[in-house]
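*Asks:* First, the structure itself, so that you have it in front of you.
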Amino acid sequence: MDIQIETVFLVGIGLFTLASTYFLFAHKKAFNSAFLVSFITIISYTLMLEGSLASVGAEGGAVYATRWLFYGLSCTLLMYEIAKFLKKSKEETIFLLYLTAIVMATGAASAYFDGLYMLGFFALSTVAYVMLMYPLLTAVSPHTSAVSKYILLGWTGFPVAFLLAPDGYGLISAATAAVLYLLLDVFTKVFFYLDLHKKMEVQ
Amino acid sequence: MDIQIETVFLVGIGLFTLASTYFLFAHKKAFNSAFLVSFITIISYTLMLEGSLASVGAEGGAVYATRWLFYGLSCTLLMYEIAKFLKKSKEETIFLLYLTAIVMATGAASAYFDGLYMLGFFALSTVAYVMLMYPLLTAVSPHTSAVSKYILLGWTGFPVAFLLAPDGYGLISAATAAVLYLLLDVFTKVFFYLDLHKKMEVQ
Amino acid sequence: MDIQIETVFLVGIGLFTLASTYFLFAHKKAFNSAFLVSFITIISYTLMLEGSLASVGAEGGAVYATRWLFYGLSCTLLMYEIAKFLKKSKEETIFLLYLTAIVMATGAASAYFDGLYMLGFFALSTVAYVMLMYPLLTAVSPHTSAVSKYILLGWTGFPVAFLLAPDGYGLISAATAAVLYLLLDVFTKVFFYLDLHKKMEVQ
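Chains D, C and P, in that order, give the protein sequences.
Anchor point for the first sequence: position 105 equals 131 in this note's numbering, and the numbering is continuous, going up by one each time.
Anchor point for the second sequence: position 127 equals 153 in this note's numbering, and the numbering is continuous, going up by one each time.
Anchor point for the third sequence: position 42 equals 68 in this note's numbering, and the numbering is continuous, going up by one each time.
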């Protein structure tokens, strides 16, 4: 494997080990989703570092389709917290969790396949993503602006990185893509929780 | 791939794109399972059309074991609506959802393997299926007759098609099987919801 | 496949067929998790008997990584009953179910990979396992002692067997490991429920 990508994954494992340790001891909650999200991310990065499940994508770059399956696990937890923060009903929350899982599973398929099927699964993923974002960003709630930063900038950064990466059209290298994904991961999974916990103390 | 099977899958993608669009706009529900079921079915058909996950079954016909894994996702949603319609308790509903997932996962294994293991997993699937059907069809509820048509004719059509298809004994071609499965899909996933929504308005 | 391992798996299928039949008729509960756990174990053993998903582990012994994925399904059910018995809150129960699934999924990865990655995933699995055990064994509840036997002796037996088996360092043969796992399965999945049901009648 490319030594640069390997380094990025090792840095990711290190950062999320720190984050999960912090969330474990700093947040004594019965359902500590902040810890779970960080811990699941360690597992995802370890699997990518091992590398045997990677495939070859656009312009010959390495593609880690499993990344998106693990986002299916971590982002449903994030979405659960977002929905709770925005005071969504139980029924709507479950619908949003299904959409999140669909976005990530079709994302994994889009990363794994090439050409027309990459596009087809990306289109299905985008439909589910728009359906997911619409009720979150239009919610009439004083809390909307607090999470919309993470959603608009953070979450939406992933499909943009995807299209540039070997997952999509390979306009940037797999190593550059790995750095971008890592920055987005830290923003949406660590900074998000630090901010959320601060806001919930204020309430 | 066989051009006939390809056509059937394309028709399936078209029909369920129409159905999911219709359910999205016609049913403004917080938990829109009708949309989710149709959308999951589009994903399943797209994956089968891509074809690289297909295997060779009885008499050399193509087998799409992933079909049954996706039924595990869509049919748990259908079963949730059926259980709610029949006013089953929360505990019993969860039990029925587990059974539904087991029926489909063992169905996928039965499709994937040959000979004795095809039969063994089919037997396990049948046991779970009988346990699933029994409380539904014997429920003393004025609503039982409304759903029993979809269950008795519709759901039970799948294992019959399975045995005839290359999934089972290959007595019919993979293309004929694909047509049969598509008709059953439209009946149990589109007509079912149209009927259910009409009945729930009447209530 | 080794005829000895084959025999152990066949005995396992036989024992859990008896257990699931017994639990089906003896426990008329709306959510019959005892039946589900035994039935899922039949499926797991049938898949291992088929053998095509096995890989080669330490000292050349056979490794069945799927075993741990199925424990992810059955042990979440067991953990649900343990948490209910210890009167854990709904939020904490969901956290414990996530941890259980993480223990088993990282266990599957640890079984599947070799060398440093075997150790790395085993370490992640151990962290989640310790976090799972701590609140269970320190719970101030008159019921703790009743389940701690199954947890301390039973559940903890699995990672010990894992390290000895070809999953880990291959100090014992795959057949010996299969016998050990079977004994632990019967203890934690059959005896546990017989004992639990007796205790719940007494209450």
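A virtual CB, placed ideally from N, CA and C, is assigned to each residue, including glycine.
Counting Cβ pairs, one atom from each stretch, are 3 or more of them under 8 Å apart for the stretch 52 to 67 of chain D and the stretch 96 to 106 of chain D?
*Replies:* Yes, the stretch 52 to 67 of chain D is in contact with the stretch 96 to 106 of chain D.
*Asks:* Could you list which residues in chain C have their beta carbon closer than 9 Å to that of D/A135, in chain order?
*Replies:* Simply I69, T72, L73, E76.
*Asks:* What is the residue span of the alpha helix (DSSP H) that D/S136 lies within?
*Replies:* It spans 116 to 138 - the alpha helix (DSSP H) in which D/S136 sits, taken as one unbroken run.
*Asks:* Is the separation between the beta-carbon of C/A56 and that of D/F121 shorter than 8 Å?
*Replies:* The answer is yes: Cβ separation under 8 Å.
*Asks:* What span of residues does the alpha helix (DSSP H) with D/L208 cover, start to end?
*Replies:* Start and end: 200 to 212.
*Asks:* Taking DSSP as the reference, what is the three-state secondary structure of P/S100?
*Replies:* Three-state result, P/S100: helix.
*Asks:* Who pairs with P/S81 in a beta bridge, going by DSSP?
*Replies:* P/S81 is bridged to P/V89.
*Asks:* Would you tell me roughly how many angstroms separate the C-alpha atoms of P/T47 and C/A91, rounded to the nearest one?
*Replies:* Between P/T47 and C/A91, the C-alpha separation is close to 28 Å.
*Asks:* Mind checking whether P/I29 and P/A200 have CB atoms under 8 Å apart?
*Replies:* Result no, Cβ atoms of P/I29 and P/A200 do not sit closer than 8 Å.
*Asks:* Kindly list, in the order they appear in chain C, the residues whose Cβ is closer than 9 Å to that of D/S59.
*Replies:* Per Cβ cutoff of 9 Å: no residues; D/S59 is ~21 Å from chain C at best.
*Asks:* Determine contact between the stretch 146 to 153 of chain D and the stretch 123 to 133 of chain D, defined as no fewer than three beta-carbon pairs at a distance below 8 Å.
*Replies:* At 8 Å Cβ cutoff, the stretches touch.
*Asks:* Is it buried or exposed, P/T72, if we count other Cβ atoms within 10 angstroms and call 16 or more buried?
*Replies:* P/T72 is buried by the Cβ-count criterion.
*Asks:* Compare the C-alpha of D/V186 against each of D/S78, D/S100, D/L210, D/A165 and name the closest.
*Replies:* When only C-alpha atoms are compared, the closest one is D/L210.
*Asks:* Just the Cα atoms here: how many angstroms apart are D/V205 and D/F35?
*Replies:* So the two alpha carbons sit approximately 9 Å from each other.
*Asks:* Hey, how far is the Cα of P/A191 from the Cα of P/A203?
*Replies:* Rounded to the nearest angstrom, the two C-alpha atoms are 5 Å apart.
*Asks:* Taking all protein chains shown into account, decide if C/L23 is buried (16 or more other Cβ within 10 angstroms of its Cβ) or exposed.
*Replies:* It is not possible to answer for residue 23 of chain C, since the shown part of chain C is limited to 27 through 229.
*Asks:* Along chain C, in chain order, which residues have C-beta atoms closer than 8 Å to that of D/L150?
*Replies:* Under the 8 Å cutoff, chain C gives F65, I68, I69, T72.
*Asks:* Taking Cβ positions, are C/K215 and C/S78 nearer each other than 8 Å?
*Replies:* No, they are not a contact pair.
*Asks:* Does the distance from the C-beta atom of P/G38 to that of P/L162 stay below 8 Å?
*Replies:* For P/G38 and P/L162, no; Cβs fall outside 8 Å.
*Asks:* Among C/A137, C/V156, C/G180, C/K116, which one has its Cα closest to the Cα of C/G87?
*Replies:* The shortest C-alpha separation from C/G87 is found at C/A137.
*Asks:* Quick check: what's the CA-CA separation for P/F213 versus P/G180?
*Replies:* Going from the Cα of P/F213 to the Cα of P/G180 covers about 7 Å.
*Asks:* Would D/Y160 count as contacting chain C if we go by Cβ distances under 8 Å?
*Replies:* Chain C contact via Cβ: absent.
*Asks:* Assign D/G146 to one of two classes, buried (16 or more other C-beta atoms within 10 Å of its C-beta) or exposed (fewer than that).
*Replies:* Flag for D/G146 reads buried.
*Asks:* Consider the Cβ of P/F49: report whether some Cβ of chain D lies at a distance smaller than 8 Å.
*Replies:* For P/F49, the answer is no, since every Cβ of chain D falls outside 8 Å of its Cβ.
*Asks:* Are there 16 or more other CB atoms within 10 angstroms of the CB of P/A109, so buried, or fewer, so exposed?
*Replies:* It is buried - the Cβ of P/A109 has at least 16 other Cβ atoms within 10 Å.
*Asks:* Is it buried or exposed for C/Y160, if we count other Cβ within 10 angstroms and need 16 for buried?
*Replies:* Its Cβ having fewer than 16 others within 10 Å, C/Y160 is exposed.
*Asks:* Chain D partners of P/G146, CB-CB under 7 Å?
*Replies:* The answer, in chain order, is T72.
*Asks:* Applying a beta-carbon distance threshold of less than 7 Å, which residues of chain P neighbour D/L36?
*Replies:* In chain order: nothing, as chain P lies at least about 12 Å away.
*Asks:* Using 10 angstroms around the beta-carbon of C/E76, count the other beta-carbons present and answer buried if the total reaches 16, otherwise exposed.
*Replies:* So C/E76 ends up on the buried side.
*Asks:* Which residue marks the beginning of the alpha helix (DSSP H) containing P/Y143, and which one marks its end?
*Replies:* Segment 141 to 163, the alpha helix (DSSP H) holding P/Y143.
*Asks:* If the criterion is Cβ atoms closer than 8 Å, does the pair P/A84 and P/Y219 meet it?
*Replies:* No. Outside cutoff.
*Asks:* Starting from C/L197, trace the alpha helix (DSSP H) both ways and give me its first and last residue.
*Replies:* No alpha helix (DSSP H) contains C/L197, which DSSP labels as neither H nor E.
*Asks:* Starting from D/A91, find everything on chain P with Cβ-Cβ shorter than 9 Å and list it in chain order.
*Replies:* The contacting residues do not exist; D/A91 stays about 16 Å from chain P at best.
*Asks:* With 8 Å as the threshold, decide whether the Cβ of D/A109 is near any Cβ in chain P.
*Replies:* For D/A109, the answer is no, since every Cβ of chain P falls outside 8 Å of its Cβ.
*Asks:* Let's see if you can read the secondary structure: which residues bound the alpha helix (DSSP H) around P/L190?
*Replies:* Counting along the chain, the alpha helix (DSSP H) containing P/L190 begins and ends at 182 to 190.
*Asks:* Just to confirm the assignment, what range does the alpha helix (DSSP H) spanning C/I68 have?
*Replies:* Run containing C/I68: 59 to 76, per the alpha helix (DSSP H) assignment.
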